[in-house]
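Visitor: Dropping the structure in here first, questions after.
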Amino acid sequence: MFDPKVVEALVAENARSEESPLNELTPRERDVLREMAEGKNNAAIAEALVLTERSVEKVIHRSSSSSI
């Protein structure tokens, strides 16, 4: 599990670079990534972001299928 502040700092730092693959993520994909970095499972991510587990799965699949 990572400290959420560390993850946030890394995401913010990497997003500043124009070439960063993080720039290709949607805000929702970044939200899910942050929750995953905290060690949460799909059910916990869904609860935290007020989504269904299926929606979380779709975001993860879409993110992993992209060119990132």
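Numbering (our numbering), first residue to last: 9 to 76. Ideal placement from N, C-alpha and C gives every residue a C-beta, glycine not left out.
Going by the beta-carbon positions, is the gap between E37 and S71 smaller than 8 angstroms?
Guide: For the purposes of this step, residue 37 is taken as the residue at position 29 of the sequence shown. For the purposes of this step, residue 71 is taken as the residue at position 63 of the sequence shown. Yes, these two residues count as a Cβ contact at 8 angstroms.
Visitor: What residue range is occupied by the uninterrupted alpha helix (DSSP H) comprising N50?
Guide: The count along the sequence shown starts at 1 and reaches residue 50 at position 42. N50 to L57 is the span of the alpha helix (DSSP H), which, as asked, contains N50.
Visitor: Output yes or no for whether 8 angstroms exceeds the beta carbon distance between E61 and A51.
Guide: Within the sequence shown, numbered from 1, the residue matching residue 61 stands at position 53. Within the sequence shown, numbered from 1, the residue matching residue 51 stands at position 43. Cβ distance < 8 angstroms, so E61 and A51 count as in contact.
Visitor: Can you tell me which of the three DSSP states D11 falls into?
Guide: As a working mapping, residue 11 is identified with position 3 in the sequence shown. Of the three classes helix, strand and coil, the one that applies to D11 here is coil, per DSSP.
Visitor: Pull up the CB-CB distance for S63 and A54, whole angstroms please, since I reckon it's below 8 angstroms.
Guide: Here the question's residue 63 lines up with position 55 in the sequence shown. Here the question's residue 54 lines up with position 46 in the sequence shown. About 7 angstroms; that satisfies the 8 angstroms criterion.
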